[in-house]
Structure formats: structure tokens, C-alpha cells
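Residue numbers (my numbering): 6 to 161. Think of the CB as a built atom: it goes at the ideal place given N, C-alpha and C, for glycine as much as any other residue. Remember, predicted model here, so these are calculated numbers, not experimental data. Please read the structure below before turning to the comments.
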């Protein structure tokens with residue numbers, strides 16, 4: 006469920022993170038996304054959860070997809086504690102909107118077998134670096150720490 010209508014972005018400055026699945030790289034694939042907090046909520050069991058705005062490409066049987074509408078998903082404290090986070094900095098609303106535009110404009114091949122979300126995210130971060138939205142040091146930490154991978158030729 007997309008909770009953006011209930012937890013919209015606001016004008017405040019926010020910490021933006023790259024979230025990588027798992028606490029460390031174990032080899033193979035690793036899903037990554039950009040995220041920032043839009044609020045908190047309590048679920049039906051009374052547990053606190055975070056409303057996190059996310060930027061990602063996802064994959065299903067039809068291939069890779071990008072949802073160009075703002076997306077907010079709930080994240081439990083347990084889930085938050087089971088992923089690795091790389092801080093990219095404090096962003097203004099205008100900067101976050103620019104990141105959304107960059108993500109929407111970053112190309113990916115829906116049927117790719119070799120260039121997945123880590124390649125796409127690397128492309129997004131490269132544009133963010135080129136536009137001085139993130140520091141070289143933070144880009145390098147993410148590239149090595151996730152690790153991100155460079156684009157490869159598609160094997161038509």
C-alpha cells in the first residue's frame with residue numbers, strides 16, 4: 006500500500022539515506038533504494054512504524070519498473086534494524102524534488118538480465134554527485150559499501 010496521501014513530504018530539511026538490503030553484502034544481488042522519513046504511525050498491534058518515502062526500481066515477472074508517483078511505505082523498527090544505511094546528507098524539499106526528477110529521468114532497460122537496481126542506483130547517484138547534491142566521499146562509501154556495480158553491455 007502506498008501511504009503517500011497520508012504521509013506527504015513537507016518543506017522541512019530531511020536526512021536522506023541509501024538503504025541496502027541486509028546488514029552487509031553477502032554476495033549476489035542486493036536491493037537498494039533511497040529513503041527519507043515522512044512521519045511515524047502505530048500499527049494495529051500497537052507497534053511503532055516509520056512512514057518512509059522511497060525511490061527505487063522494482064522487478065517482477067515483466068521486468069524492472071519505476072513508479073513515478075511519490076511512494077511512502079511503512080517500515081517497522083525490526084525491518085529498519087535489518088538493513089544497512091548510508092547517509093547521503095540533509096536535503097531541502099527542493100533538493101528532494103530534484104532527486105525524484107533525476108530518478109524519473111534515469112534510464113533502465115525493463116528486460117535487462119545484467120543491469121539491475123544497483124546499476125540504476127549508481128546512475129542516479131552519479132547525477133546527484135555531478136549536481137553537487139552529494140559529496141564524492143559519500144558516493145565512494147556507497148559504491149564500495151553496497152557495493153554498487155557498473156553498467157555492463159546487454160547480451161541481446
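Using the three-state DSSP reduction, which class does residue 59 fall into: helix, strand or coil?
Residue numbering aside, residue 59 sits at position 54 when the chain shown is read from its first letter. Strand at residue 59.
Identified DSSP bridge partners for residue 46
Residue numbering aside, residue 46 sits at position 41 when the chain shown is read from its first letter. Answer is 54, bridged to residue 46.
Given that a residue counts as buried once 16 or more other Cβ atoms are within 10 Å of its Cβ, and exposed if not, what is residue 108?
Start at 1 with the first residue of the chain shown, and residue 108 comes out as number 103. Buried is the call here.
Given a threshold of 16 other Cβ atoms within 10 Å of its Cβ, counted over all protein chains shown, does residue 86 qualify as buried or as exposed?
As a first step, residue 86 must be located in the chain shown, where it is residue number 81. Burial state of residue 86 is exposed, judged by a 10 Å Cβ sphere holding fewer than 16 other Cβ atoms.
Please classify residue 35 as buried or exposed, where buried requires at least 16 other C-beta atoms within 10 Å of its C-beta.
What you label residue 35 is simply residue 30 of the chain shown in a count that begins at 1. Under this definition residue 35 is a buried residue.
Considering only their Cβ atoms, is the gap separating residue 54 from residue 81 smaller than 9 Å?
Counting from 1 along the chain shown, the entry for residue 81 is found at position 76. Counting from 1 along the chain shown, the entry for residue 54 is found at position 49. Yes; because the gap between Cβ atoms is below 9 Å, this pair is in contact.
For residue 109, list the residues DSSP reports as bridge partners.
As a position in the chain shown, residue 109 is number 104, starting the count at 1. Note: residue 109 sits in no beta bridge, so no partner.
Under the three-state DSSP convention, the category residue 147 falls into
Stepping through the chain shown from its first residue, residue 147 is reached at position 142. Look at residue 147 here: in three-state DSSP terms it is helix.
Below 8 Å on the Cβ atoms is my contact criterion, and I expect residue 96 with residue 22 to pass it. Report the Cβ-Cβ distance as a whole number of Å.
Numbered from its first residue, the chain shown carries residue 96 at position 91. Numbered from its first residue, the chain shown carries residue 22 at position 17. Separation of the CB atoms of residue 96 and residue 22 is rounded to 10 Å, and the pair is thereby denied contact status at 8 Å.
Count the other CB atoms within 10 Å of the CB of residue 43; is the residue buried (16 or more) or exposed (fewer)?
Translated into positions along the chain shown, residue 43 becomes position 38. With 16 or more other Cβ atoms within 10 Å, it is buried.
For residue 74 and residue 58, what's the separation of their Cα atoms in angstroms?
Here residue 74 is taken as the residue at index 69 of the chain shown, counted from 1. Here residue 58 is taken as the residue at index 53 of the chain shown, counted from 1. So the alpha carbons of these two residues sit roughly 11 Å apart.
Considering only the beta carbon of each residue, do residue 24 and residue 69 sit closer than 9 Å?
Looking up residue 24 in the chain shown gives position 19. Looking up residue 69 in the chain shown gives position 64. Not closer than 9 Å, so no.
Closer than 9 Å to chain D by CB, residue 22
Reference to chain D is not applicable here, since this structure consists of a single protein chain.
From this set, 20, 76, 67, which residue's C-alpha is nearest residue 8's C-alpha?
Walking along the chain shown from the start, residue 8 turns up at place 3. The shortest Cα separation from residue 8 among 20, 76, 67 belongs to 76.
Residues that residue 81 bridges to, as DSSP identifies them
By 1-based counting over the chain shown, the position of residue 81 is 76. Looking at the DSSP assignment, residue 81 forms a beta bridge with 54.
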